[in-house]
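Peer 1:
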Amino acid sequence: LDYYASRMMTRSLVWETFHNYGFSGMHYADSAGRAAFRLIYPGMMMGFYTLMNPTDYMEYWGDKAWSDGANKSEGTMHSSGNGVLVLTNVDGEKHVSWTGPRHPSEDVFPMIYDILNGPEANWGIRTVVPSRGIKTGLDMANWYPGATPKSGDATAAEPYEIHNYDYHIYPPVQDAPEEIHITQTRFKHNIVMTRKIYAWSHQDFDDFIIVDVEFENRGDKQLNDTYFGFNNTLYVNSTGTSYRWGHEGGMIRYNRSGGLDDFFRFSGSPGFQPNSLSGLTAADFSGKYITYVYDGNTTNSFEDDTGDPFDPDLENPGGSFPASGDRPKGTPIAPEYAGFAPLAFRNSGPSHVFNANDLTQGYVEPRSDQVLGHWFRAHGLDNIDDPIGKGVGMAELYDIYTAPSMADPPAEGVVWSDQIYGPYDLAPGDKAKIVVAYVFGHAGDIEESNVDSRTGFARDQMSWAFGVGERGLNDDARKQVLAQGEKALLQNLSHAQFAYDSGFRIPNSPPDVDFQAGNNQDANIELSWTDAAEKAINPEYGAADVVAYRIYRSTFQEYGPWALVEEIPATSAGTYKYVDTNSLAGFRYIYNVRAVASPKQDWSEGTVTLADLPPKVREHLTVSGLEGGYSAPETKVNVPLRPKMSSSTMSDNLERQVRVVPNPFSVTLDGQSYQGSESLRFVGLPHKCTIRIFSVSGDMVAIIKHDNPLLGETNWELKDRFLSGEVISGLYYFVVESEVQESMGKLSRGAFILHK
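Under this note's numbering, the letters of the sequence shown match residues 13 to 768, in that order.
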C-alpha cells in the first residue's frame, strides 16, 4: 500500500489524511503510515514525520527546528486510523469488507474518480506555495480547471484535492466548501464508494470535517440485507499521553498503558448517559447517534490526571519539546471531546434527512432508522478485541457487526468502535448515501469568560487552556470546567449540521491575507502585506467589506496561544507594515494576520436566511463582524529559528546601540534563551569588528572576531576566550570596536546578565 498516494486536509482545525483505498489516517501499527495526519485537532505540523511521507504537504510556513522525538510526540492526534465497512449477504453468502483501521481486506481496490464528469469539474483554483515558503510555486491542490486528470495505476493515484479559496478573494463557488477531497474505492460485488470530504477555515465552522459517502451498486446482483459502516479508533490525545508517558504516548500501538484512560460514549447505546459533570442529560443527545470520547483518569499514577494537566515535575523527557515548559502548571493538554456522528442518511423522518440537493438524487433508504454501535477494547500492544484478523469467519463477522448496540464500557480505556447503517436493498444501479462528521469541542468554545471583548470571538484552545492552568484549579474544579466540552461538542455538531442542511451555504469568512515576515534594523520582527484583501468583493453583498486587519502572535505553537497584538484599520494604504517592538530577532514567533469584515444586519443564500443561522454564527455576523481564520497553515507565518540580521550603513557606523539578545540570558527561565540552547547574540554590529567581553571585576572573558559583509550580528556560545570551559552566572560588560573603514576605531559599550 502506497502511503505516498495520500492527500492531507489542513483547512480547518481538524487535519486528516485520505487515501483511495478508503481509509483515513493510517493503519494500526503500520510504521510506514505513522507520518499521516490522524485527526489532528487543533491542526499542527509534525515536521520530520510529515516530510518523510506524503508528498502533497510541505512545511512552507516555517521550520519548527525540533528534534525527531519532539515532532513525533507533539502532534495533537486523536486516532490510530479509521475505515469503512461493507457487509453483504448475496445468495446466502455473508461477507464483510473493510478499509481500516486494519489493513484493507483483499477485495478492496482503489479507483480514480471521474472528475471531468462530476459536479466538481469546474471547481477549484490553482493555489501555490507563497513566496515565503520553502518550495515557492509548488501546487497545493491537484485539481482546478486546466489541471490534468488522474490516470494510470490507481494504487499510486492520489485523491483529488480542490481549493475553493485563495489569498485576497472570497470563495468562487458559493455553495461549495473551501477545501474538498475526493476518493473512490471498489469492494466485493462491484460496490463503489465515493467519499467527498469538506472543510472550512471559517471560525464558526472549523471544528469539524464533513465526510459525504456514496455507495453505488455497479454490479449485476440484487444486494439485499447490505449494511454500511464506519470503523473509528478515537482517543484523546497523543500530546497529552506523550507528555506523561513518552514518545507519541504509545497511541500508534497502545504500548503506553498509562495513556489508555478515555471514556467512550455512544448516544445510541442502551442506557446511555453523558458526563455527569456537564449538566447535560441523555435527552440532549436524543436521536443524534454520536460516538465520542473524552479524557479520564489513568490508573497508572496516584494523582488525578483528567485532561492531562501539565506538571513540569511529571513530564516525561521522551515527550517534551523545546518550549513545553512555557505551559503554566495545570494547563490541560487533553481537554478535547472528539466525536463522530451522522448528518444525513434518509429521505424523510424526524432527523438526518438529506439536504435539498441530495433529495433529488433518488438515494435508497435503509429499512431501519436505527444506527448500531459496537466497541472493542484495546488492552495494549497488538492486543485488541476487534474480531478482524482473529480467525473469525465471514458469516460470524457479519453477525457481530449487525448485532444490537452494546452498552457503553463502564470504565476508562481506549476502544475501537463502529457505527453500522442498514439494512439496504440495492438493485443494480442503486445508490445509498451516508453523510457524517468528525467533530471536536472543548470548554473554551462556550465559556463566556473566554470571549475576547475586543473581537467578540472565543480565544483559541491554547489561550483558554493556559488560562485554566493559571487559575490554579483543584482536581474537582478542573474536571467541572473540562466537562463543559461536552456542550461545545454538541454546539459544533449543530454547526456541521447547518452547513450540510444549507447545501454548504454559510456566511463568507473574510479572505486570507498573504503577508511576509522579516527583521528590521532594530532586530524586531516586521510584517508587511498589501491592501488586496480589502478590495475583494463579497458576492453575498456585492461589495467589499474588509474594514480592518488583526495581528496575532504566538510564542508557543503554530496553533496558539494566539495573542492579539494590534488592530489596523483598512485604509487602502497599498502596503501595510507592522513592527512588533516586543519581539527579538532570533526567537520563535508565529504570526497570523486576519482580515475583519464589517457587521451585517441581513444575510441570505438561496432559501437560507439570517434567522436560520445557529445563534453563535448569527451573533458573530451581526454584532462583531466576521474575522478571518487561523486554522490553515497558509494563514500563518512561522518565523524561522534565529533569523539573521543583515548588515546596514547604520550598524556599520555604530549609529545605534549594539544589543545583546536575550538579556538577561537564562537556560531555566521561560523565554530567556534560544529554545534552551546556551548561546546569545550581539545584534546591530558593524560587519567587521571585534567584541571584547569582561567580567564585573574587569577580567577579559572572551574576544569575538566578526567579519561578514552580509551580517550585522554574531553569536557567542558562552565559552571563555581559551575555550576551556563555560562562563559562570553574573554581570558582564562588552566593548565593540569597529573595523569598518567609515567608523574605524569607534566603540560601543553595554552590559548583560547571565543566569545559568
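Just so you know, even glycine gets a beta-carbon here, dropped at the ideal spot from N, CA and C. Note that the structure is predicted; figures quoted are calculated from it, not measured.
1. What number of angstroms, rounded off, separates the C-alpha of THR567 from the C-alpha of LYS547?
2. Quick check on the DSSP output: the alpha helix (DSSP H) that includes THR251 runs from which residue to which?
3. Which same chain residues end up closer than 6 Å to ILE765 when comparing Cβ atoms and leaving out the 5 residues on each side of it in sequence?
4. What residue ranges within the region 108–165 form continuous beta strand (DSSP E) runs of no fewer than 3 residues, ordered along the chain?
5. Within the continuous beta strand (DSSP E) that includes PRO581, where are the two ends?
6. Would PHE478 pass as a contact of THR343 if the rule is Cβ separation under 8 Å?
7. Figure out for me which residue from TYR512, ILE400, LEU289 and MET657 has the closest Cα to the Cα of ASP187.
8. Near GLN473, what residues of its chain come up, given a Cβ to Cβ distance below 7 Å and the 5 sequence neighbours on each side ignored?
9. Looking only at C-alpha atoms, which of ASN32, SER92, ARG19 and THR88 sits nearest to HIS39?
10. Taking its Cβ as the centre, do 16 or more other Cβ atoms sit within 10 Å of THR167, making it buried, or is it exposed?
11. Just the Cα atoms here: how many angstroms apart are SER506 and PRO626?
12. Can you tell me whether GLY74 is helix, strand or coil according to DSSP?
13. Just to confirm, is the Cβ distance from GLY95 to PHE35 under 8 Å?
14. Where TYR553 and PRO581 are concerned, what is the direct C-alpha to C-alpha distance, given to the nearest angstrom?
15. In the DSSP assignment, find the unbroken alpha helix (DSSP H) run with MET662 in it and report its ends.
16. Residues bridged to HIS718 by DSSP?
17. Along the alpha helix (DSSP H) that carries GLU482, what are the first and last residues, could you check?
18. If I measure Cβ to Cβ from ASN462 and keep anything under 6 Å in the same chain, skipping five residues before and after, which residues do I get?
19. Less than 8 Å between the CB atoms is what I'm expecting for MET406 and LYS162, so what's the real figure, rounded?
20. Report the residue from THR583, SER750, TYR601 and GLY637 whose alpha carbon sits nearest the alpha carbon of MET662.
21. Beta-carbon separation of LEU97 and ASP430 under 8 Å?
22. In whole angstroms, give me the CA-to-CA distance for ASP325 and VAL673.
23. For TYR590, report the span of its beta strand (DSSP E) as first-last.
24. Go ahead and label THR22 buried or exposed: buried means 16 or more other beta carbons lie within 10 angstroms of its beta carbon, across all protein chains shown.
25. Quick one: Cα of THR100 to Cα of ASP165, how far?
26. Which value, in whole angstroms, describes the spacing of the CA atoms of LEU596 and ALA535?
27. Measure from the C-beta of LEU99 to each C-beta in chain C and report whether the shortest distance is under 8 Å.
28. Report the rounded CA-to-CA distance for SER616 versus ASN367, giving the unit in angstroms.
29. Leaving aside the five residues before and after GLN496 along the sequence, list all residues of the same chain whose C-beta is less than 7 Å from its C-beta, in chain order.
30. Exposed or buried, PHE30, counting other C-beta atoms within 10 Å across all chains shown (16 or more means buried)?
31. Provide the residue span of the beta strand (DSSP E) that contains PRO354, from first to last.
32. Ends of the alpha helix (DSSP H) at TYR413?
33. Should SER254 go down as buried or exposed, given a rule of 16 or more other Cβ atoms within 10 Å for buried?
34. Do you know how far the Cα of ASN359 is from the Cα of VAL365?
35. Name, in chain order, the residues that DSSP records as bridge partners for MET205.
36. Could you tell me the distance, in whole angstroms, from the CA atom of MET418 to the CA atom of PRO282?
Peer 2: Well, looking at it:
1. Going from the Cα of THR567 to the Cα of LYS547 covers about 31 Å.
2. 250–257
3. So the qualifying residues of the chain are PRO676 and LEU743.
4. Segments of the beta strand (DSSP E) lying fully in the region 108–165: 121–123.
5. 575–581
6. yes
7. TYR512
8. PRO54, HIS454, GLY456 and GLY572
9. SER92
10. exposed
11. About 8 Å.
12. Confidence is the limiting factor: at GLY74 the pLDDT is only 47, short of 50, which leaves the residue's position unreliable and the question unanswerable from this model.
13. yes
14. 21 Å
15. 661–664
16. CYS701
17. 473–483
18. Contacts found: GLY456, ALA470, ARG471 and TRP476.
19. That belief does not hold up - the Cβ atoms of MET406 and LYS162 are roughly 33 Å apart, past 8 Å.
20. SER750
21. yes
22. 29 Å
23. TYR590 -> beta strand (DSSP E) spans 587–592.
24. buried
25. 28 Å
26. Their backbone Cα atoms lie some 6 Å apart in a straight line.
27. This model lacks chain C altogether; it includes just one protein chain.
28. Straight across, the Cα-Cα distance linking SER616 with ASN367 is about 17 Å.
29. SER290, ALA455, ILE458 and GLU459
30. buried
31. 349–356
32. 406–413
33. buried
34. Rounded to whole angstroms, the gap between the alpha carbons of VAL365 and ASN359 is 5 Å.
35. THR197 and PHE227
36. Approximately 7 Å between the Cα atoms of the pair.
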